[in-house]
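The next block holds one structure in the form of C-alpha cells; read it before the comments.
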Amino acid sequence: MDVFSFIKHAAAAALALASCVGGAHAGEAKIAVAANFTQAAKEIGEAFEKETGHEAVFSFGATGQLYAQISQGAPFDVLLAADQARPEKAVAEGFAVAGSRFTYAVGKIVLYSTDKFLVTGDKTLRSGGFHNIAIANPVTAPYGATAVDVMKALGVYEALRTKLVRGGNIAQTYQFVATGAAELGFVALSQIATHGKGSRWTVPEDLYSPIAQDAVLLRHGEGNEAAEAFITFLKGAKAHAIIERYGYGAPTEKHE
Amino acid sequence: MSEFAELWPPVRLTLLLASVTTVFLMIVGTPLAWWLARSRNGWKEAVAAVVALPLVLPPTVLGFYLLIALGPNGPGGAVAGLFGGRSLAFTFEGLVIGSVIYSLPFVVQPLRNAFESFGERPLEAAATLRASPWDAFWSVAVPLARPGFITGAVLGFAHTVGEFGVVLMIGGNIPGETKVISVAIYDYVETLQWGHAHALTIGMLIFSFAVIFTTMLVNRRFARVTP
Chain A
12 MDVFSFIKHA AAAALALASC VGGAHAGEAK IAVAANFTQA AKEIGEAFEK
62 ETGHEAVFSF GATGQLYAQI SQGAPFDVLL AADQARPEKA VAEGFAVAGS
112 RFTYAVGKIV LYSTDKFLVT GDKTLRSGGF HNIAIANPVT APYGATAVDV
162 MKALGVYEAL RTKLVRGGNI AQTYQFVATG AAELGFVALS QIATHGKGSR
212 WTVPEDLYSP IAQDAVLLRH GEGNEAAEAF ITFLKGAKAH AIIERYGYGA
262 PTEKHE
Chain B
50 MSEFAELWPP VRLTLLLASV TTVFLMIVGT PLAWWLARSR NGWKEAVAAV
100 VALPLVLPPT VLGFYLLIAL GPNGPGGAVA GLFGGRSLAF TFEGLVIGSV
150 IYSLPFVVQP LRNAFESFGE RPLEAAATLR ASPWDAFWSV AVPLARPGFI
200 TGAVLGFAHT VGEFGVVLMI GGNIPGETKV ISVAIYDYVE TLQWGHAHAL
250 TIGMLIFSFA VIFTTMLVNR RFARVTP
C-alpha cells in the first residue's frame, strides 16, 4: 500500500468514525447546569435523547462559576441555574434571550450526615457538637447562600462560623460530607433523595425562601433546534416526573 | 487600605505555608535524595519513581486520596485524634502534609543530581582523613551540593506558592487557615471581582519571574565556580 492510498483509507475510516459518533443525532445542545441538578439533568438528558434524537451535553458547576464563564463567551446554549438572579442578570446584560426565562424546579435544602445518629434536627446545629460543617461557597453557589440564611434564621451562624468549610459548588460540598471529611453539611435534597443512608433533617421552609431555579435560553443557543427542543422537553410532564422524583418542588411560578 | 486588609490574609497564609513546607521538604528530601544518590539497592529507582509521581498525576487524584487519607477514617484522622482533633482535612497542618508530598520531586531531583555530581572521590578523601560518615556529609557533601540545596529550596517554596488543585480539594476554603492566594484568585475570578484578581495575579507573576530568574542566576554562578 502506498502512502496516498493509506491516507485515503485512513481518512475514510476517520469519516466513518465521526459519523458514528456525531451523525446519529439530529443536533446538539450544550447546557450549563447548576451542580445540585446534576443527577436529575443526566436522567432528563437520557429521556430527551430517546425522544428527540438530539444530544444534550452537560457542563456542571456552581451557578456563579457558570455565569462568569458565560459572561466571557462560553459556548453554552442553555443555562439551568440554581437561582433566579443569574438568569435574570443574563437577560439584562444581553447574554440570554429575553422572555425565555422560566422556573424549572424549586430546590430544597437538607442538613445531612453519613453518621446515622448525628443529625436530629435544628438542635444538632445548636449543640455545635462537631468539628466541621460543610456548605457550598455562599458567594458563587445559591445553596451556600441559603445555608447561611438558615443558620442566621436559627441564630447559630456566629457560633458556627469557625467550623464552616466551603465546597466550590454543592457537588464538592456533598463530597466533603460523603467522604466523612466533614461530619455534616448543608446539601441539596436532590443529592440524597434517592437513597436513605445516614441521618438528615429537611430544613423547614419557613427558615428560608424557596430556591426557585430558573432556566434561560442563551444567545449562543438562539436558533439551535436542539437547545429549543430541550427547553420544551424540560417544561413537559416527563421531565417534571423526574424532577419531582429527585425531591424538587414542582415549578409553580411562570415568567414571561 | 481596606483592599490591603482583604488581600493580605491569603498572601500571609501562602507565605507561611510555603515556608513551613520548605523546612519539612528539606528535612524529608535531603536523606531521601542522599539515599537515592548513594544506594546500590535495586529498588531505588522504583522509590525515585514514586517520589516523582506528583509531577505526572493530576492534582485531583492526589487531592482525592489525600482527602480520604487525612479524613477521620484515614491515618490523618488517627493523628488528629492524638491532639483532640477529628480530621486533618480542612486544617493548615493538612495543607502542609499535602504540599510536602506534592512538592517533594522538586526538591529531591536537584538534590540527588547535586549529590551524584561530585562522585565518590571527595567522600573517600574525607574518609582517609578519618572523618566519620556523618562528619563527611556535613563538611564535604553539603557544601559541594550547595547549588542543589538552593535550587531545591527555591523550587519547593515556589511550587507550594503556586499550588491550587490539591488545596482546593482538601482545604475547604477557610479564610486564614486554608484560603491561599491561588484559591483567593479563583474566588475573585468566579465572582467577577477582577480588580482584586488582577492585584493578586500581577503579584504572583512578578514573584514567579523573580524566583525563576534568581534560580537561573544562582545556577550559572555555581556552574562557573565548580568546573
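So the sequence lines, in the order shown, correspond to chains A and B. Using the working numbering, read the first sequence as starting at 12 and increasing by one per residue. Using the working numbering, read the second sequence as starting at 50 and increasing by one per residue. Where is the CB? At the ideal position from N, CA and C, for every residue including glycine. For clarity, every value in this text was computed on a predicted model and none was experimentally measured.
Under 7 Å by beta carbon: chain B residues contacting Phe113 (chain A): Simply none; closest approach about 25 Å.
Per DSSP, cross-strand counterpart(s) of Val130 (chain A): Answer by DSSP bridge pairing: none, since Val130 (chain A) is not bridged.
Bridge-paired residues (DSSP) for Thr213 (chain A): A:Val121
Bounding residues of the alpha helix (DSSP H) (the contiguous stretch that carries Lys41 (chain A)): Not the alpha helix (DSSP H): Lys41 (chain A) falls in the beta strand (DSSP E), residues Glu39 to Ala45.
Short-range partners of chain A found in the segment 132–145 of chain B, where Cβ spacing is below 8 Å: Gly134, Arg135, Ser136, Ala138 and Phe139
Val105 (chain B) burial status per 10 Å Cβ neighbour count (16 or more: buried): exposed
Chain-order list of residues whose beta-carbon lies under 6 Å from that of Ala52 (chain A) (same chain, five-residue window excluded): Val44 and Phe69
Classification of Arg211 (chain A) by the beta-carbon crowding that lies within 10 angstroms, buried from 16 upward: buried
Option in A:Thr157, A:Ala158, A:Val121 and A:Gly75 with minimal Cα separation from Val101 (chain A): A quick correction: the sequence has Ala, not Val, at residue 101 (chain A). Out of A:Thr157, A:Ala158, A:Val121 and A:Gly75, A:Gly75 has the C-alpha closest to the C-alpha of Ala101 (chain A).
Alpha helix (DSSP H) segment containing Arg161 (chain B), residue limits: Phe141 to Ser166
Three-state secondary structure assigned by DSSP to Tyr257 (chain A): coil
Spatial distance of Val238 (chain B) from Ala79 (chain A) (CA atoms): 8 Å
Cβ shell of Leu115 (chain B) (< 6 Å), same chain only, five flanking positions each side left out: Gly147 and Ile219
Three-state secondary structure (DSSP) of Glu66 (chain A): strand
C-alpha distance - Ala35 (chain A) paired with His206 (chain A), whole-angstrom precision: Bear in mind that a pLDDT of 47 at Ala35 (chain A), under 50, signals an unreliable position, so the model cannot answer this.
Distance, Met265 (chain B) Cα to Ile255 (chain B) Cα: 16 Å
Residues bridged to Asp236 (chain B) (per DSSP): None; Asp236 (chain B) has no bridge partner.
Same chain, Cβ closer than 8 Å to Glu255 (chain A), five either side skipped, listed in chain order: Ala261
Neighbour flag for Asn47 (chain A) against chain B, beta carbons, 8 Å: no
Within 9 Å of chain B by C-beta, residues of the segment 182–203 of chain A in sequence order: Gln183, Gln186, Phe187, Thr190, Gly191, Ala192, Ala193 and Glu194
Inter-stretch contact at 8 Å, needing at least 3 Cβ pairs: the segment 171–187 of chain A / the segment 131–141 of chain A: yes
Listed by chain order, chain A residues near Ile230 (chain B) by CB distance under 9 Å: Chain A residues near Ile230 (chain B): none, gap ~16 Å exceeds 9 Å.
Complete runs of the alpha helix (DSSP H) confined to the segment 90–132 of chain B [at least 4 residues]: 93–105, 108–119 and 124–131
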